[in-house]
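S.K.: These protein sequence lines map, in sequence, to chains A and B. Just so we're aligned, residue 7 is where the first sequence starts under our numbering, counting upward by one. Just so we're aligned, residue 5 is where the second sequence starts under our numbering, counting upward by one. C-beta atoms are modelled at their ideal positions from N, C-alpha and C, and glycine is treated no differently. Got a structure for you, questions after.
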Amino acid sequence: ETGVTQTPRHLVMGMTNKKSLKCEQHLGHNAMYWYKQSAKKPLELMFVYSLEERVENNSVPSRFSPECPNSSHLFLHLHTLQPEDSALYLCASSRGQPPGTEAFFGQGTRLTVV
Amino acid sequence: DQQVKQNSPSLSVQEGRISILNCDYTNSMFDYFLWYKKYPAEGPTFLISISSIKDKNEDGRFTVFLNKSAKHLSLHIVPSQPGDSAVYFCAAEAGGFKTIFGAGTRLFVKA
Numbered sequence: 007e008t009g010v011t012q013t014p015r016h017l018v019m020g021m022t023n024k025k026s027l028k029c030e031q032h033l034g035h036n037a038m039y040w041y042k043q044s045a046k047k048p049l050e051l052m053f054v055y056s057l058e059e060r061v062e063n064n065s066v067p068s069r070f071s072p073e074c075p076n077s078s079h080l081f082l083h084l085h086t087l088q089p090e091d092s093a094l095y096l097c098a099s100s101r102g103q104p105p106g107t108e109a110f111f112g113q114g115t116r117l118t119v120v
Numbered sequence: 005d006q007q008v009k010q011n012s013p014s015l016s017v018q019e020g021r022i023s024i025l026n027c028d029y030t031n032s033m034f035d036y037f038l039w040y041k042k043y044p045a046e047g048p049t050f051l052i053s054i055s056s057i058k059d060k061n062e063d064g065r066f067t068v069f070l071n072k073s074a075k076h077l078s079l080h081i082v083p084s085q086p087g088d089s090a091v092y093f094c095a096a097e098a099g100g101f102k103t104i105f106g107a108g109t110r111l112f113v114k115a
C-alpha cells in the first residue's frame, strides 16, 4: 500500500462511452500526476497538477480531460476513446518540487477500449 | 525520440550473484536520476536515486553508478534475491515536474 489509491482497477469501455478514472492520495503531497503505460513502452507523462493547478500537459488528445478538485483527488475523464488508448493508466503523487522528489504510484487502472 | 533508454528488455541472474541494470540518456540537462521497481499488478515503487553531482549512491544491496561523460547509469544489486524479480525503470529529471522514464528491464532472479 503506497498511500495512492486508484479506482477502478480494470475498465472496459466502448469507443462511444464516457468514463472517469479516480485517484486519491492521503500522503499530504501537493503534486499529482497521470501517466500512461503502453506495452513495452516507457511511462508517458500525461498531466501534472501542483497545488491543484495544472503545470504540465504533454500534448495529450482532448479526449482525455483531467480534473483536480483538491490536493488529494485527481480524475481523468475519458470520452470517445480509440482502441490504441488501451493501456495501464497510473496515478502518482509527490511532495514538493523536483529534482529528486520520488513519486508514489497507485496500482493503476487497466483500460481496454473495444 | 527516447531520451532515456534501457536497451535490455530482460535480464536473468542466478540468486546470490550480481544484477547489473543499465540505462543511457541523451539529455545533458538531466540533473537527477531515479530507479523504480515494479511488480505485476502494482504501481512502480521508488528504489534509489542519484544527483548529477555524484557518481555513486548506495543503499543496502542497491548501488547506482553515474557516468556523466558517457551519459550512462547502472543499478547494481548484490546479492540478488528471487524477490528482486521485477521490472526496473530508470528515470531522469531536468527540472520542473517532467520525469522521463525508460521502457524498463525485466529482471529474473533464479533460485
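1) Between B:Ser53 and A:Leu84, what straight-line distance do the alpha-carbon atoms span, to the nearest angstrom?
2) Closer than 7 Å, Cβ to any Cβ of chain A: which residues of the segment 24-40 of chain B, in chain order?
3) Closest Cβ-Cβ distance between A:Ala37 and chain B: below 8 Å?
4) Across which residues does DSSP place A:Pro72 in a beta bridge pair?
5) So, does the CB of B:Thr109 fall closer than 8 Å to a CB anywhere in chain A?
6) What's the call for A:Lys42, buried or exposed, on a 16-neighbour Cβ count within 10 Å?
7) Measure the C-alpha to C-alpha separation of A:Leu94 and A:Lys28 and round it to an integer number of angstroms.
8) Can the beta-carbon of B:Tyr40 be found closer than 8 Å to that of A:Gly106?
9) So with Cβ pairs under 8 Å, would you call B:Leu64 a contact of chain A?
10) Once the 5 residues before and after B:Arg110 are set aside, which same chain residues still bring their CB inside 6 Å of it?
11) The beta strand (DSSP E) that contains A:Gln43, what's its start and end?
12) Within 10 angstroms of its Cβ, does B:Glu97 collect 16 or more other Cβ (buried), or is it exposed?
13) Can you pull the chain B neighbours of A:Phe111, defined as C-beta to C-beta under 9 Å?
14) At a CB distance below 7 Å, what residues from the segment 49-69 of chain A approach chain B? Give them in sequence order.
15) For B:Asp59, name the three-state secondary structure that DSSP assigns.
16) What's the C-alpha gap between B:Ser84 and B:Glu19?
17) By the 10 Å Cβ neighbour count, where 16 or more other Cβ atoms means buried, how is B:Val113 classified, buried or exposed?
18) Check this for me: beta carbons of B:Leu38 and B:Ala95, under 8 Å apart or not?
19) Per DSSP, what kind of secondary structure is A:Glu90 in: helix, strand or coil?
20) Mind pulling the chain A residues with CB within less than 7 Å of B:Gln6?
21) Going by other Cβ atoms of all chains shown within 10 Å of its Cβ, with 16 needed for buried, is A:His16 buried or exposed?
M.R.: Well, looking at it:
1) Whole-angstrom Cα-Cα distance: 34 Å.
2) Cβ contacts with chain A come from Asp35, Tyr36 and Leu38.
3) Yes, contact with chain B.
4) A:Pro72 is bridged to A:Leu82.
5) Proximity of B:Thr109 to chain A, defined by a Cβ-Cβ separation below 8 Å, is not satisfied.
6) Burial call: buried.
7) Straight across, the Cα-Cα distance linking A:Leu94 with A:Lys28 is about 13 Å.
8) Not a contact, by the Cβ cut-off of 8 Å.
9) Before going on, a small fix: residue 64 of chain B reads as Gly here, not Leu. Answer no: the Cβ-Cβ gap between B:Gly64 and chain A never drops below 8 Å.
10) Excluding residues within five positions, the ones whose Cβ falls inside 6 Å are Ser14 and Val91.
11) Annotation for A:Gln43: the continuous beta strand (DSSP E) segment containing it runs Ala37 to Gln43.
12) The residue is buried, with at least 16 neighbouring Cβ atoms inside 10 Å.
13) Per Cβ cutoff of 9 Å: Tyr40, Lys42, Glu46, Gly47, Pro48, Thr49 and Phe50.
14) Those residues of the segment 49-69 of chain A placed with their C-beta closer than 7 Å to a C-beta in chain B are Leu49, Leu51, Val54, Ser56, Val61 and Glu62, ordered along the chain.
15) Correct three-state label for B:Asp59: coil.
16) Roughly 5 Å separates the two Cα atoms.
17) The C-beta of B:Val113 has 16 or more other C-beta atoms within 10 Å across all chains shown, which makes the residue buried.
18) When the beta-carbon positions are compared, B:Leu38 and B:Ala95 come within less than 8 Å of each other.
19) In the structure shown, A:Glu90 sits in a helix (DSSP, three-state: H, G or I).
20) The answer, in chain order, is Pro48.
21) A:His16 should be labelled exposed.
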